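In the numbering used here, the protein residues as written are 657 to 806. Built from N, CA and C at the ideal position, the CB exists for glycine as well. What you are looking at is a predicted structure, and each value in this text was computed from that prediction instead of being measured. For reference, the structure is listed below as structure tokens.
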């Protein structure tokens, strides 16, 4: 494809592919030293809640709940990758100066009160964090669900 040729991603048009298809194609073409670990973490996230969907955002797999982005891979590191836990693209009114919830897992590195990061380095790291990662995903969805009755 020519460098200036527009794709659905660069033209602003929506892709006709499902989010799952987008992610599978992305992962198929991905060249990353931790590709297997990334694929495993994807499975862990999707298994945490049957209502989680996926698509490509910020040039990486991103996971949604109620059609709002909640967790996005950051694949820019060398020898590691990150999961960015967030509350979607639009600024939400989380009028608090403390994290959304108490992270008993110890995995989350809080960047702001409503944004956190988990860094993963290799297969052993993913396996050692598997159960806690599932727990954190479940908690994040619970505390960022804008559709829940308060």
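- Taking each of 716, 769, 762 and 724 in turn and checking the Cα distance to residue 756, the smallest one comes out for 769.
- For residue 684, the three-state secondary structure derived from DSSP is helix.
- Distance from the CA atom of residue 706 to the CA atom of residue 700, rounded to whole angstroms, is 11 Å.
- For a cut-off of 8 Å, the C-beta gap from residue 703 to residue 711 is around 18 Å, too long to register as a contact.
- When secondary structure is reduced to three states using DSSP, residue 800 falls in the helix class.
- When the Cα atoms are used, residue 695 and residue 683 turn out to be separated by approximately 8 Å.
- Each residue's CA atom was taken as its position, placing residue 792 and residue 759 some 7 Å apart.
- Taking C-alpha positions only, residue 715 is separated from residue 753 by approximately 30 Å.
- Residue 704: member of the alpha helix (DSSP H) spanning 691-704, first to last residue.
- Non-local C-beta neighbours of residue 691 in its own chain, meaning closer than 8 Å and more than five positions away in sequence, comprise 683, ordered along the chain.
- In the three-state reduction of the DSSP assignment, residue 775 falls in the strand class, which pools E and B.
- Only residues of its own chain outside the window of five on either side were considered, and among them none has a CB closer than 6 Å to the CB of residue 686.
- The residues 735 and 736, in chain order, have a CB closer than 7 Å to that of residue 777 in the same chain once the five nearest residues on each side in sequence are set aside.
- In terms of Cα proximity to residue 762, the closest of 693, 740, 785 and 724 is 785.
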